[in-house]
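Numbered according to mature numbering (1 follows the signal peptide of the UniProt record, and there is no 0), the sequence shown spans residues -26 to -1, 1 to 372. Idealized CB from N, CA, C, for every residue including glycine.
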Amino acid sequence: MKLGGDAVRRVLAVAAATATITLTTAATSPTTAPVEQASEAIPGNYIVRLADDPVPSVATAAADLAARYGGEVGFTYESALRGFSVRDLTEHAAARLAADPTVAAVSQDGVARGTGVQENPPSWGLDRVDQEDLPLDARYTYENTAEDVAIYNLDSGIRPSHRDFADRIVMGPDFVADGQDGVDCHGHGTHTAGTSAGTTFGVAKGAALHSVRVLGCDNAAPDSVIIAGLDWVAAEASERPAVVNFSIYTDTKHVADKAVRGVIDSGVAFVVAAGNADIDACESGPAHLPEAITVGATDEHDRRAEFSNWGPCLDLFAPGVRIDSAGHEADDGVTTMQGTSMAAPHVTGAVALYLAEHPEAEQAEVEAALVERATEDTVQDAKPGSPDLFLNAHAMAH
């Protein structure tokens, strides 16, 4: 069929309009990017890491992005990493946010947990870490108390009136915001603090204990809360030398990794529990980080604890089965727990002893000293790829 001039013009006009609509739709269609998934995700909650490009301020950038993509800003992070947490955000909006050029990554907010399990038999760990071999000699020998070193305990809080801490407790911020004001209502944090620096139970008996509460009464919290604690330490841990005890595993790896690196870069040593899943620690965050000092657990017979993670991401092992330490229910309370959470603070205390003699030492030097001074060929069933190295706290005090 032959079209007249007017008909041709009408067809062309319709085609042009259709093309314009198509192009406009394509140009304005929102792009998306992958969001890091958490295994135990908190619905609607996300952690946003900003790109390295300078912005007026993190708070301003967070408010602007929330206005564009939705959600309510929670924590802002300025020191361990640059970013913020956001809640009440849809999955699609999170994917759009991840594609924004000012954003480096978006992660689901997961649940972080402490790694200890309660038991009730007697303890032995403090006796073990000052000697190379079994049998135990019924003594713990130490050459300094690390009184000029700060230990930052990121955990479920501390019972500040416990007699094992005397006047060495500094109650830092409580990021859980459940009305506890930093006081431990679970027991995990008081126990780990007692192992690292308690007068009776501790390796570094004179260290200043700074409590940063990031775990609730159920020994868990959103990853965004954990990162807020790490960000605070990176910015505010002005007392040096210092070491962090981090007996926690996080659900979202990459953003937590960035925060841990930020703390290390700020000049604070960092010790982390390997985890209690009897898997390769390279699969667990932040235990897999090469920059962190990662600790597996052993029992009274120098055998790897059946629950302890293992593998090449570990640095060494320390006692972690049936460990007695300070309890949170009374000022003279004693409780027994087990886990790599209990192994890590033995190493944290040993790091404090080393820092007392080497106050300018940075993370790499501390890690090397632990490895070089550890007892070799001691850990039974260490599993393939694991270092057969056991903590020697006495050797670290030189």
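Reduced DSSP category for residue i - H, G, I as helix; E, B as strand; rest coil
i	result
Trp206	helix
Ala54	coil
Asp239	helix
Ala371	coil
Leu327	helix
Gln354	strand
Ala36	helix
Ala25	coil
Gly163	helix
Val(-16)	Confidence at Val(-16) is low in this model, with a pLDDT of 39, below 50, so its placement is unreliable and the value that follows should be read with caution. Val(-16) falls in the helix class under three-state DSSP.
Thr226	coil
Thr322	helix
Ala216	strand
Leu363	strand
Gly99	helix
Asp231	helix
Ala342	helix
Exposure of residue i, with buried meaning 16 or more beta-carbon neighbours within 10 Å
i	result
Gly153	exposed
Thr322	buried
His302	buried
Leu344	buried
Thr226	buried
Pro134	buried
Gln82	buried
Thr(-2)	Its pLDDT being 35, under 50, Thr(-2) is placed unreliably in this model, and the coordinates cannot settle the point.
Leu263	buried
Leu39	buried
Asn94	Reliability of the predicted coordinates at Asn94 is poor, the pLDDT of 37 falling under 50, and the value obtained from them is presented with this limitation in mind. Exposed.
Ala342	exposed
Asp74	buried
Asp104	buried
Asn366	buried
Asp252	exposed
Pro196	buried
Leu100	buried
Leu24	buried
DSSP bridge partner residues for residue i (one or two, in chain order)
i	result
Ile267	Val245
Ser185	Asn127 and Met145
Pro196	Val85
Arg61	Glu46
Ile132	Val157
Glu10	Ser81
Tyr20	Val60 and Gln82
Gly172	BP columns for Gly172 are empty, so no partner.
Asp254	Trp284
Gly190	Gly190 is not bridged to any residue.
Gly180	Gly180 is not bridged to any residue.
Thr349	Phe364
8 Å contact criterion, which residue i and residue j should meet: CB distance rounded
i	j	result
Val177	Leu363	Not a contact, Cβ separation roughly 17 Å.
His184	Gly88	Rounded, the Cβ-Cβ distance is 18 Å, inconsistent with contact.
Glu10	Val85	Going by Cβ atoms, the distance from Glu10 to Val85 rounds to 15 Å, so no, they are not a contact pair.
Phe149	Gly203	5 Å
Arg278	Ala356	5 Å
Whole runs of the beta strand (DSSP E) within the region 270 to 302, excluding any shorter than 3 residues | You should have 290 to 293 and 297 to 300.
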